[in-house]
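Chains H and Z supply the protein sequences, listed in that same order.
Number 174 in the numbering used here belongs to position 174 of the first sequence; there are no gaps in the numbering.
Number 57 in the numbering used here belongs to position 57 of the second sequence; there are no gaps in the numbering.
For glycine and all other residues, C-beta sits at the position ideal for the given N, C-alpha and C.
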Amino acid sequence: MSDKPDLDRYPELAERWNRRNFIKSAVAGTALLGFGGALMRLAADDLTRAARAENRADGRPRLPPGQRVLEFLRPMGGEEGDGKSETFRLRVHGACKKPFEVDYENLLKLPQVEKMADVHCVTGWSMIGGMWKGVQLKKLAELAEMTDEARFVILEAAHGFTANIPMKEAMADNAMVTYRINGKPFSIDHGAPVRGLVPDLYFWKSSKWITGVKFVKNDAPGFWETRGYNNHADPWKEERYG
Amino acid sequence: MVELKKRWRAWLRAIHRDFGYLAIGFTLIYAISGIAQNHIEDWGDVSFKATERTIAMAAIPATTPEIVAVKSVADAVGMGMPTAHTRAGDEIRLDYANGSKATAILDPSGTTVTVQQHARRPFIGLANWLHTARHKKAWKYIADTYAVLLLYLALSGIFMIKGKLGLKWRGTILISTGIAVPVLYIALAGGPDSQKEAVAQTTTDEIHSVPVGIGPPSAKKPETPTPTLTPTPTQEPDVKGPGSAVLVPLPPDDDQ
Numbered sequence: 001m002s003d004k005p006d007l008d009r010y011p012e013l014a015e016r017w018n019r020r021n022f023i024k025s026a027v028a029g030t031a032l033l034g035f036g037g038a039l040m041r042l043a044a045d046d047l048t049r050a051a052r053a054e055n056r057a058d059g060r061p062r063l064p065p066g067q068r069v070l071e072f073l074r075p076m077g078g079e080e081g082d083g084k085s086e087t088f089r090l091r092v093h094g095a096c097k098k099p100f101e102v103d104y105e106n107l108l109k110l111p112q113v114e115k116m117a118d119v120h121c122v123t124g125w126s127m128i129g130g131m132w133k134g135v136q137l138k139k140l141a142e143l144a145e146m147t148d149e150a151r152f153v154i155l156e157a158a159h160g161f162t163a164n165i166p167m168k169e170a171m172a173d174n175a176m177v178t179y180r181i182n183g184k185p186f187s188i189d190h191g192a193p194v195r196g197l198v199p200d201l202y203f204w205k206s207s208k209w210i211t212g213v214k215f216v217k218n219d220a221p222g223f224w225e226t227r228g229y230n231n232h233a234d235p236w237k238e239e240r241y242g
Numbered sequence: 001m002v003e004l005k006k007r008w009r010a011w012l013r014a015i016h017r018d019f020g021y022l023a024i025g026f027t028l029i030y031a032i033s034g035i036a037q038n039h040i041e042d043w044g045d046v047s048f049k050a051t052e053r054t055i056a057m058a059a060i061p062a063t064t065p066e067i068v069a070v071k072s073v074a075d076a077v078g079m080g081m082p083t084a085h086t087r088a089g090d091e092i093r094l095d096y097a098n099g100s101k102a103t104a105i106l107d108p109s110g111t112t113v114t115v116q117q118h119a120r121r122p123f124i125g126l127a128n129w130l131h132t133a134r135h136k137k138a139w140k141y142i143a144d145t146y147a148v149l150l151l152y153l154a155l156s157g158i159f160m161i162k163g164k165l166g167l168k169w170r171g172t173i174l175i176s177t178g179i180a181v182p183v184l185y186i187a188l189a190g191g192p193d194s195q196k197e198a199v200a201q202t203t204t205d206e207i208h209s210v211p212v213g214i215g216p217p218s219a220k221k222p223e224t225p226t227p228t229l230t231p232t233p234t235q236e237p238d239v240k241g242p243g244s245a246v247l248v249p250l251p252p253d254d255d256q
C-alpha cells in the first residue's frame with residue numbers, strides 16, 4: 001500500500017509532499033554522484049600508494065604530504081599568453097652583467113637538458129616521472145653573468161604574472177625554462193610555447209607563458225604570493241598558504 | 001503612522017523584487033563559475049576544451065628546405081598552410097589562424113606531429129573569465145555593484161515579512177542557522193592558523209621518520225605489488241644544443 005496521501009482530498013498537503021519528494025531526489029542524486037567520484041578516486045589511488053612507498057635520493061618521500069598522483073598535468077587556468085613560438089622572447093635581466101633577450105629559435109640553440117622531474121600542485125595533485133626538456137636557469141644565469149648580490153630569481157610571465165624563487169631552488173639542476181614534456185610540446189593551457197619549471201616548489205612557481213627571468217637582490221613576492229599563498233612553497237613542508 | 005510602516009515594507013519588497021531580477025544573470029555567472037573554481041582541483045580549468053592528436057610521418061631530412069618541410073608537415077596535418085611557422089632545433093611549429101598548433105619533432109627515424117586545438121567553452125569559459133575582475137577595469141565596478149545588490153537582497157530579506165514567518169520565529173531560526181554554519185566550521189576546524197600548525201607538526205613528524213642515509217629510490221620495498229612508476233628523478237647527462245645561439249644584449253634594468 002502506498003504511503004502517498006490522497007492529494008485530491010487534501011490539497012493543502014500537496015506542497016509539503018512535493019517538497020519531500022524533491023529533497024529525496026536531490027539526496028539520491030548527490031549520493032550517486034558522490035559514489036561515482038569515490039570510485040574514480042579509488043582507481044587513481046594505486047599510483048598514489050606506489051609513489052608514497054618510495055623515497056627520493058635526498059631521503060624525502062617521493063610524494064609530499066597531502067598529494068595524490070595524477071597521470072597527466074591538469075590545466076589550472078590563468079591568463080594565457082599568445083602561445084606562439086614566432087613571437088616568443090625571453091628577457092634574462094636584473095642583477096647581472098650581460099642582460100640579454102633570446103627568441104625561440106635561439107633558445108633551442110642554447111645547451112639543452114632533459115630531466116625527469118615530479119611536480120606538485122598546491123591544490124593537491126602531483127604528476128610524477130615527467131621528462132622535461134629545456135634550458136637550465138643556472139645556464140641562463142651563467143650566460144647573463146649573474147652577480148653575487150642576486151638572492152632571488154623572479155619568473156616573469158604573460159600579463160604581468162610573476163613568481164619569486166629563492167636562489168637555492170632556482171639554481172638546482174632540475175630548474176629550467178622548458179618547452180617539451182615527455183617528447184611533446186606544451187599545449188596553450190599548460191604554458192606554450194615555453195614555461196618555467198621549479199619542481200621542488202609547488203607548481204604555481206613554475207610560471208606558464210614565461211617571458212622573463214630576472215635576478216634580484218631583494219625578494220619580491222609574486223602574483224599568488226601576494227594573494228595568500230606561501231612565499232616559499234615547499235611541498236614537503238606543506239607550505240601552501242601564507 | 002501605521003500607513004507609513006506599511007508603505008515602508010512595501011517599498012522594501014518592491015526594491016528587493018527588482019534587485020532580485022537584476023541579480024539573476026550575475027548570480028548565474030558567479031555561482032556556476034564559483035562551483036567550477038571550487039572544484040578546480042578535481043576538474044581542472046573547465047573554461048576550455050583542449051584536444052590533441054599525434055600523427056606519425058616519414059622522416060624529414062635536416063637538409064630539407066624550410067618551406068618544403070613546412071608544407072610536408074601541413075599536408076600531414078590536413079589543415080592547410082599555417083599563418084606562421086618557426087623552425088627551431090629539432091622541431092617545426094605551425095600556428096593556424098583559429099589558434100590550432102602543430103608541432104613536428106624531427107628525428108632521423110621518423111617525424112612525430114602533435115596537433116593541439118584549444119577552444120573556450122561557450123558559457124562556463126566566459127563566466128570563469130568574468131569571475132575574476134583582474135585586468136577588467138569597468139567589470140570591477142560592475143562586480144562591486146552586484147555585490148552591493150546582494151547585500152541589499154540579504155539585509156532587506158530580514159525585514160520583508162513580519163509575524164511568525166518573519167523575524168519572530170522562522171526568520172530568526174534560519175538566519176541563526178545560516179550564520180552558525182561558518183562560525184561552527186571555523187570553531188571546529190580551528191581556523192586558518194591552527195590548520196597551518198597542524199600541517200607543520202605532521203610534516204615535521206614525517207621528515208623525522210625518514211631513516212638517515214636511506215638508499216636510492218625504490219630501496220624500500222612496498223608490501224603489496226604496486227603499479228610501475230617512472231624512476232625517481234636523477235641527474236641526467238646534459239644534451240648539448242645544436243649550435244651557437246644569438247643573444248640580443250639588453251640595457252641594464254633601471255632598478256639595478
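Taking the alpha carbon of residue i as the reference point, which residue from the options has its own alpha carbon closest?
i	options	result
I40 of chain Z	H:G77, H:A31, H:G94	H:G77
E149 of chain H	H:H159, H:F215, H:N230	H:F215
L12 of chain Z	Z:M160, Z:G190, Z:R170	Z:M160
L90 of chain H	H:K98, H:G212, H:N182	H:G212
A141 of chain H	H:G94, H:T123, H:A157	H:G94
M127 of chain H	H:L70, H:E86, H:A175	H:L70
A158 of chain H	H:E145, H:G59, H:G222	H:G222
S187 of chain H	Z:I29, Z:A119, Z:N38	Z:A119
I55 of chain Z	Z:V115, Z:K140, Z:H131	Z:V115
E80 of chain H	Z:T86, Z:A104, Z:S47	Z:S47
P65 of chain H	H:D58, H:R52, H:F72	H:R52
F161 of chain H	H:F35, H:D219, H:T226, H:A50	H:T226
N164 of chain H	H:M116, H:K133, H:G183, H:L201	H:L201
Q136 of chain H	H:P199, H:H190, H:E86	H:P199
F88 of chain H	Z:P252, Z:D95, Z:D90	Z:D95
V248 of chain Z	H:P193, H:F100, H:A175, H:N230	H:F100
L106 of chain Z	Z:T172, Z:H16, Z:S72	Z:S72
D58 of chain H	H:W236, H:M171, H:G242	H:W236
Y21 of chain Z	Z:Y152, Z:M57, Z:L165	Z:Y152
DSSP state of residue i, grouped into three classes?
i	result
M79 of chain Z	coil
K217 of chain H	coil
V113 of chain Z	strand
L47 of chain H	helix
R16 of chain H	helix
E238 of chain H	coil
W224 of chain H	coil
S207 of chain H	coil
S126 of chain H	strand
K24 of chain H	helix
G29 of chain H	helix
G134 of chain H	strand
G212 of chain H	strand
A62 of chain Z	coil
R134 of chain Z	coil
D6 of chain H	coil
S33 of chain Z	helix
A170 of chain H	helix
D148 of chain H	coil
D200 of chain H	coil
D255 of chain Z	coil
With residue i as the anchor, note down where its alpha helix (DSSP H) starts and where it stops.
i	result
R170 of chain Z	170 to 189
F123 of chain Z	122 to 131
V148 of chain Z	137 to 159
E41 of chain Z	40 to 43
Who are residue i's beta bridge partners in DSSP?
i	result
N164 of chain H	H:I154
P185 of chain H	H:R180
V248 of chain Z	H:E101
E91 of chain Z	Z:A88, Z:I105
A50 of chain Z	Z:H118
Y229 of chain H	H:Y241
A56 of chain Z	Z:T112
K71 of chain Z	None; K71 of chain Z has no bridge partner.
W11 of chain Z	DSSP lists no partner for W11 of chain Z.
G258 of chain Z	As displayed, chain Z neither begins before 1 nor continues past 256, which places residue 258 of chain Z out of reach and without an answer.
Under DSSP, the beta strand (DSSP E) around residue i begins and ends at which residues?
i	result
E142 of chain H	Taken as a continuous stretch (DSSP letters only), E142 of chain H belongs to no beta strand (DSSP E), being part of the alpha helix (DSSP H) at 137 to 144.
L197 of chain H	195 to 197
Quick one: is the Cβ of residue i within less than 6 Å of any heavy atom of the ligand COA?
i	result
N182 of chain H	Ligands are entirely absent from the displayed structure, and the ligand COA is therefore not among its contents.
In chain order, each alpha helix (DSSP H) run of at least 4 residues that lies wholly inside the region 51 to 122 of chain H: Runs of the alpha helix (DSSP H) spanning 4 or more residues and lying entirely within the region 51 to 122 of chain H occur at 104 to 107, in chain order.
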